[in-house]
Amino acid sequence: MKKAAVLMGSDSDLPVLEPVFKKFKDFGIPYEAHVMSAHRTPAAACDFASGARKNGFGVIIAAAGKAAHLAGVVAAYTTLPVIGIPVKSSTLDGLDALLSTVQMPAGIPVATVAIDGADNAAILAAQILSLCDDELAERLLKMKTDMTEQVIQKDKQLQEKLK
């Protein structure tokens, strides 16, 4: 299985990314996590992204707040799928990061999830990796089946309570 990379613009983004690490462990996805800044360490971000495919990665998650250029910079230097997580880290409640992450120029796509949307970033990364991994696809299917059952049970509980 290919690895996933999780990049964060600052170590202050780590709490937002904890759900990614949990989901990757649950799904059995190997990953690496690094702190890299599009502005303070642009050469490191470029080097990492440029070598990501040959280093065994299949997808990259990049989380950043404020100007949130990390995902775009990484996407400019790789042909791997890049998923951006805009982080709520400023007085604009993450709207600045969302707009910076989602507004990419033609030819440099970044799949963008919700502000602080680590769960969906991890699931999307797993879905991408599952294209070449049937066992991972089965784990994803089980997760969705379990979610369906949970909603059905909650509805049954609500109906009982309303009787």
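In this note's numbering, the protein residues as written are 8 to 170. Don't be surprised by glycine CBs; every beta carbon is placed ideally from N, CA and C.
Sequence-distant residues of its chain with Cβ nearer than 6 Å to residue i (five each side left out)
| i | result |
| --- | --- |
| Ile135 | Val66 and Pro88 |
| Ile122 | Pro93, Lys95, Gly101 and Leu105 |
| Ala40 | Val13 |
| Met8 | Asp140 |
| Pro37 | Lys10 |
| Ser44 | Gly16 |
Residue i, enclosing alpha helix (DSSP H) - first and last residue
| i | result |
| --- | --- |
| Pro26 | Leu21 to Phe34 |
Assigned secondary structure, residue i (DSSP; H/G/I helix, E/B strand, else coil)
| i | result |
| --- | --- |
| Pro93 | strand |
| Thr85 | coil |
| Thr119 | strand |
| Ala50 | helix |
| Ala4 | With the chain running from 8 to 170 in the structure shown, residue 4 is simply not present. |
| Ala45 | coil |
| Ala56 | helix |
| Ala144 | helix |
| Ala78 | helix |
| Ala113 | coil |
| Asp100 | coil |
Assigned exposure category for residue i - 16 Cβ within 10 Å defines buried
| i | result |
| --- | --- |
| Ile159 | exposed |
| Met154 | exposed |
| Ser19 | exposed |
| Lys170 | exposed |
| His46 | exposed |
Residues near residue i in its chain [Cβ-Cβ closer than 7 Å; skip 5 each side]
| i | result |
| --- | --- |
| Ala128 | Val27, Ile68, Ile90, Ile92 and Val120 |
| Ser97 | Gly72, Lys73 and Asp103 |
| Ala59 | Ala12, Ile67, Thr85 and Leu87 |
| Gly79 | Met111, Ile115 and Val117 |
Cross-strand partners of residue i (DSSP beta bridge)
| i | result |
| --- | --- |
| Ile68 | Val13 and Ile90 |
| Glu39 | Ala12 |
Own chain, CB closer than 8 Å to residue i, minus 5 neighbours either side, in chain order
| i | result |
| --- | --- |
| Leu147 | Phe34, Ile130, Ala133, Gln134 and Ser137 |
| Glu25 | Ala125 |
| Ser57 | Tyr84 and Thr85 |
| Leu143 | Met8, Phe34, Gly35, Ile36, Ala133, Leu136 and Ser137 |
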